[in-house]
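Engineer: Please see the structure below; I have some questions.
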Amino acid sequence: MANHSQLNFQDASSPIMEELMQFHDHALMVALAICSLVLYLLTVMLTQKLSSNTVDAQAIELIWTILPAGVLITLALPSLRILYMMDEINQPDLTLKAIGHQWYWTYEYTDLKDLTFDSYMTPTTELPLGHFRLLEVDHRVIVPTESTVRVIVTADDVLHSWAVPSLGVKTDAIPGRLNQTSFLANRPGVYYGQCSEICGANHSFMPIVVEAVPLPSFENWSSMTPPQ
1 MANHSQLNFQ DASSPIMEEL MQFHDHALMV ALAICSLVLY LLTVMLTQKL SSNTVDAQAI
61 ELIWTILPAG VLITLALPSL RILYMMDEIN QPDLTLKAIG HQWYWTYEYT DLKDLTFDSY
121 MTPTTELPLG HFRLLEVDHR VIVPTESTVR VIVTADDVLH SWAVPSLGVK TDAIPGRLNQ
181 TSFLANRPGV YYGQCSEICG ANHSFMPIVV EAVPLPSFEN WSSMTPPQ
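The numbering of the sequence shown is UniProt numbering, which starts it at 1 and goes up by one.
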């Protein structure tokens, strides 16, 4: 999760998030190169006297047509690759349905005999020592590590958005519509997210907590947790 005064991304815990961070660094370097070139040209034009009586400058026109096209291609190709990776969901190991309400989430494990529960934010007055304020919930989403989890996202009332930054997922929850995304947790851990679509007065009190555990621990949890 994010730390105080943190300026960079949260630690990536899924292959998709690792790809997104690499693409961010790639795009940042391209933007830095463009800014450096523009700054250099401005400096040259302001410090040196340049004059030309040439009306036709085909070489310059060719350069400022091909160069931006090349820059756009270097940004578009890796971006399209990541978009296809995010949309591709082949044979998920687990399917989870997340339903947004004002202002809590309902989760359904349809592969596990309709295991269903509601997840509310833990009030500050009931928060155990050492837990995070406004981020803890009474029931966490438990998923196995190294397994592809498909998340079907929808809403019951207004627009919501199911987002967990460390896992690289953010999907809109729209009433009457089923959207889907997927993630794979690389390692065990607890990953925090929040509703990322303004949905009313208590929008900021809709945290999401995903706990990734080894497969044997997940099987024990699913067998011990009764449907609600």
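Built from N, CA and C at the ideal position, the CB exists for glycine as well.
Using alpha carbons as the reference points, say which of Leu167, Ser222, Ser217 and Glu219 lies closest to Val210.
Structural biologist: As a position in the sequence shown, residue 210 is number 210, starting the count at 1. Of the listed residues, the one whose Cα sits closest to Val210 is Leu167.
Engineer: Within the continuous beta strand (DSSP E) that includes Leu184, where are the two ends?
Structural biologist: In the sequence shown, counting from the first residue as 1, residue 184 sits at position 184. Counted as a single uninterrupted DSSP element, the beta strand (DSSP E) harbouring Leu184 occupies residues Asn179 to Leu184.
Engineer: Three-state secondary structure (DSSP) at Cys195?
Structural biologist: The residue labelled residue 195 in the question sits at position 195 within the sequence shown. Reduced to three states, the DSSP call for Cys195 is strand.
Engineer: Please classify Val38: does DSSP put it in a helix, a strand, or coil?
Structural biologist: Numbered from 1 along the sequence shown, position 38 holds the residue referred to as residue 38. Residue state, collapsed to three classes: helix.
Engineer: Leaving out five residues before and five after Met17 in sequence, what residues of the same chain have Cβ atoms less than 7 Å from its Cβ?
Structural biologist: Position 17 of the sequence shown holds residue 17. Correct list, in chain order: Ser166, Leu167 and Gly168.
Engineer: Enumerate in chain order the residues of its own chain whose CB-to-CB distance from Lys170 is below 7 Å, with the five nearest sequence positions on each side excluded.
Structural biologist: Within the sequence shown, numbered from 1, the residue matching residue 170 stands at position 170. Non-local C-beta neighbours of Lys170 in its own chain, meaning closer than 7 Å and more than five positions away in sequence, comprise Ser161, Ala163 and Ser196, ordered along the chain.
Engineer: According to DSSP, is Glu219 helix, strand or coil?
Structural biologist: The residue labelled residue 219 in the question sits at position 219 within the sequence shown. Correct three-state label for Glu219: helix.
Engineer: Just reading off the beta strand (DSSP E) that Glu108 is part of, what are its end residues?
Structural biologist: Position 108 of the sequence shown, counted from the first residue, corresponds to residue 108. Per DSSP, Glu108 belongs to the beta strand (DSSP E) from Tyr104 to Tyr109.
Engineer: Can you look up Phe117 in the DSSP assignment and give me helix, strand or coil?
Structural biologist: By one-based count along the sequence shown, residue 117 stands at place 117. Strand at Phe117.
Engineer: Per DSSP, which residues does Ala155 bridge with? Please list them.
Structural biologist: Taking the first residue of the sequence shown as 1, we reach residue 155 at position 155. According to DSSP, Ala155 bridges with Gly100 and Pro175.
Engineer: Whose C-beta lies closer than 7 Å to the C-beta of Tyr120 among residues of the same chain, with five residues either side of it excluded?
Structural biologist: The residue you call residue 120 lines up with position 120 of the sequence shown. Within the same chain, Tyr120 has close Cβ partners Tyr104, Val137 and Asp138.
Engineer: Given a cut-off of 9 Å, decide if Ser222 and Ala185 are closer than it, judged by their beta-carbon atoms.
Structural biologist: Walking along the sequence shown from the start, residue 185 turns up at place 185. Walking along the sequence shown from the start, residue 222 turns up at place 222. Not in contact: Ala185 and Ser222 (Cβ atoms no closer than 9 Å).
Engineer: Assuming Leu178 and Ile208 make a contact with CB atoms under 8 Å, what is their CB distance in whole Å?
Structural biologist: Mapped onto the sequence shown, residue 178 falls at position 178. Mapped onto the sequence shown, residue 208 falls at position 208. About 18 Å; that fails the 8 Å criterion.
Engineer: For Glu88 and Ile82, what's the separation of their Cα atoms in angstroms?
Structural biologist: Within the sequence shown, the letter at position 88 stands for residue 88. Within the sequence shown, the letter at position 82 stands for residue 82. Distance between the alpha carbons of Glu88 and Ile82 is about 10 Å.
Engineer: When you compare only the Cα positions, how much space is there between residue 244 and Asp172?
Structural biologist: Nothing can be reported for residue 244: it is not among the residues displayed for the chain, which extend from 1 to 228.
Engineer: Report the partner residues of Thr47 according to the DSSP bridge assignment.
Structural biologist: On the sequence shown, position 47 is the one that residue 47 refers to. BP columns for Thr47 are empty, so no partner.
Engineer: Taking C-beta to C-beta, are Ser204 and Gln194 nearer than 9 Å?
Structural biologist: What you label residue 204 is simply residue 204 of the sequence shown in a count that begins at 1. What you label residue 194 is simply residue 194 of the sequence shown in a count that begins at 1. The criterion of a C-beta distance shorter than 9 Å is satisfied by Ser204 and Gln194.
Engineer: Based on the DSSP output, what are the partners of Ala212 in its beta bridges?
Structural biologist: On the sequence shown, position 212 is the one that residue 212 refers to. DSSP output for Ala212 lists Val143 and Gly189 as bridge partner(s).
Engineer: Taking 6 Å as the limit between beta carbons, can you name the residues of its chain near Asn202, skipping five residues before and five after?
Structural biologist: Here residue 202 refers to the residue found at position 202 of the sequence shown. Once the five neighbours on either side are set aside, the close Cβ partners of Asn202 are Trp103.
Engineer: Write down the C-beta distance between Leu94 and Val141 rounded to the nearest angstrom, noting that I regard them as a contact closer than 8 Å.
Structural biologist: Within the sequence shown, residue 94 is the residue found at index 94, counting from 1. Within the sequence shown, residue 141 is the residue found at index 141, counting from 1. A Cβ-Cβ distance of about 11 Å is found for the pair Leu94 and Val141, leaving them out of contact under the 8 Å criterion.
Engineer: In terms of residues, what are the limits of the alpha helix (DSSP H) holding Ala69?
Structural biologist: For the purposes of this step, residue 69 is taken as the residue at position 69 of the sequence shown. Membership of Ala69 in the alpha helix (DSSP H) is indicated by the continuous run Gln58 to Asp87.
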